[in-house]
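A quick write-up on the structure given underneath.
Residue numbers (full-length UniProt numbering): 1 to 580.
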């Protein structure tokens, strides 16, 4: 399935936006619509954003929120799972079976455990809820071709008791079996996703092999061999083990002499401190930056932290994917001239950015770090000399620029934000000056409203920024700040078109300031009430039914001293408040 559309996650100040884009012939992307993803603030909060047919897609967050959407702009919350843990949950889309699966540590009926959930994408009915073994690395979710799920798991807390293997989960019966690999994992703290490559189409996994340390001498230089092993994920046999790179004096920038010596002593059974060995093994595995299997041929690319690349060539499935060749060590060198061709990354969707390496076609490989390098791999061929090096060119690339209408630009970009510049956010007098500027702008809103958008961003000379919510929470503690905020709300309520103004897709303008005032003192409840009766409460009132009203009830609803004012507030609320 191919679709002409791209789902992209755009990081706006203090929030995330989901964009529907389509590639243009000039290498740019056209924006069709943009949707607010709620209170999420980092791209790492998004586990998956991907189409499952030509018109529909799923967006899953690490916090357990599962949305379904369509190219028409619909975005509906299917469910919110009670996810626990630091890393959150992980979503996985099975386009062939038209199923969506999500794994997470969750608390259900006062019991916490790892669980796997499955939905039928045709009707979004829950088809499975499986209890998983405890402490699985749910970020390493993989589905075998027979439908079973695999989770890689390693135990490396103690140097001499390290193990690694895979759990196999039957999603129908819930049966779980653990298959221990006959090899050792790395040690220390390292990014598993950098050193483990899972290939769903072939049911194989490629990962480092640390049981031995090959050494060789080349022109007086003692070199250490980094080995990879290929594992069959159906029977968990090791298909082959091979040294894929030799580290000598010329690689000191990524593996210094002290680490190399510690590794040699450890594998020679010398007496060493366990912490030193773990640190050395951690640095050893972290020289590997990523592995990417090719969708176009039986091959894969490995990348190292110094930018060096190497291509590995496999035999077909019938011959058990034996290693039949390796390219030279590929050394990318930047071209001096700028590229005139359209950006080849303009069709890379969000879900593909989980990969450090992205094959664009037979001739180009994108190496994605903080920057993006498009490497020319057209001339890369197998070589009999494993120490051979090959220089290739690369060009720096950027994510494709987005073309949008002026209305979209005012609605979705910084152009539509009211930026308040102050000297220092840490100084109370500067914070009050910021509020005074907001007060002056709301006194003549017709000159400062950006379309229907009234969103604030406060920043200082050091580059620190605060959203309206964070700024109000900080400022409300200062003497005189609440009165200034009250005047800002008064100015807003006096504006003839106040009901149309928003600060984000799902929130009326100044909602965060109103929340701060409501929490500050009960004397502001009449002003809060006036505000709620002016905004389009049916469309934008959910924020206040979820946050403002429960807070007011908690602070004032159960106090005899506040009983009269609270009941007057409740009686005067708009009748069309949205139900949570």
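Beta carbons are placed, not taken as given, at the ideal position from N, Cα and C, and that holds for glycine. Please read these numbers as outputs of a predicted model, since none were measured by experiment.
Mind checking whether residue 238 and residue 183 have CB atoms under 8 Å apart? yes
C-beta contact flag for residue 377 and residue 363 at 8 Å: yes
Residues bridged to residue 523 by DSSP? In DSSP, residue 523 forms no bridge with anything.
To the nearest angstrom, how far is it from the Cα of residue 201 to the Cα of residue 298? 11 Å
Roughly how many angstroms lie between the CA atoms of residue 199 and residue 446, to the nearest whole one? 57 Å
6 Å CB neighbourhood of residue 286 in its chain, flanking five on each side removed: 190
Between 386, 461, 467, 382, which lies nearest to residue 414 when the distance is taken from Cα to Cα? 467
Any chance you could list the beta strand (DSSP E) runs of at least 3 consecutive residues sitting entirely within the stretch 69-152, in chain order? 75-80, 90-94, 99-108, 111-120, 125-131, 141-143
CA-to-CA distance, residue 196 to residue 141, given in whole angstroms: 12 Å
Is DSSP giving residue 253 helix, strand or coil here? coil
Does the stretch 449-466 come close enough to the stretch 485-502 that 3 or more CB-CB pairs lie under 8 Å? yes
Would you mind giving the Cβ-Cβ distance between residue 188 and residue 281, rounded to the nearest angstrom? I have them listed as a contact below 8 Å. 6 Å
Count the other CB atoms within 10 Å of the CB of residue 67; is the residue buried (16 or more) or exposed (fewer)? buried
Excluding sequence positions up to five away, which residues of its chain have a Cβ less than 6 Å from the Cβ of residue 249? 221
Taking just the CA atoms, how far does residue 138 sit from residue 554? 38 Å
Out of 429, 507, 117, 367, which one is the CA nearest neighbour of residue 393? 367
Confirm, please, whether the CB-CB distance from residue 106 to residue 116 is below 8 Å. no
Which term fits residue 126, buried or exposed, when burial requires 16 or more other beta carbons within 10 angstroms of its beta carbon? exposed
Going by the beta-carbon positions, is the gap between residue 557 and residue 524 smaller than 8 Å? no
Give the list of continuous beta strand (DSSP E) stretches no shorter than 3 residues that lie fully inside the stretch 223-276. 238-247
Do you know whose CA, among 177, 96, 311, lies nearest residue 134's CA? 177
Sequence-distant residues of its chain with Cβ nearer than 7 Å to residue 174 (five each side left out): 130, 131
Secondary structure of residue 655, DSSP reduced to three states: Any property of residue 655 remains undetermined from this structure, which presents the chain solely from 1 to 580.
Residue 82 burial status per 10 Å Cβ neighbour count (16 or more: buried): exposed
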